[in-house]
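The opening position of the sequence shown corresponds to residue 270 in the working numbering, with each subsequent residue numbered one higher.
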Amino acid sequence: MSEIKKSKKTRTGSVVSNRMEKSVVVRVERKFRHKRYGKFVKTSVKYLADDPENSCSVGDTVLIEECRPLSKRKRWRVRSILEQAV
């Protein structure tokens, strides 16, 4: 039986909080068009992501990827820092 390797989901967002040990909160924003009214609506979701090196700071733009459950709420891992905060 051949195993098919699934690609992991990735999201790009900004770090909102880094007060935890080896964890960061990442806010991912998305825009979509409302079905009835046609207006563009902005929504955001906050993900808890694993940061093993504690390298992220508040305001950084990061790329996170889905991984196995690491704790009750943590299912994402920081893959790379795309843009450092000033």
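All C-beta atoms in this analysis are idealised placements derived from N, C-alpha and C, irrespective of residue type, glycine included.
query: When Lys275, Gln353, Val355 and Arg280 are compared against glutamate 298, the one with the closest alpha-carbon; result: Arg280
query: Residue closest to glutamate 322, alpha-carbon to alpha-carbon, out of Met289, Arg296 and Pro338; result: Met289
query: Cβ pair aspartate 320, lysine 291 closer than 8 Å; result: yes
query: Secondary structure of glycine 282, DSSP reduced to three states; result: strand
query: Rounded Cβ spacing between leucine 339 and leucine 351 (contact assumed at less than 8 Å); result: With a Cβ gap of about 22 Å, leucine 339 and leucine 351 do not count as contacting.
query: Within 8 Å, strictly: CB atoms of phenylalanine 301 and valine 314; result: no
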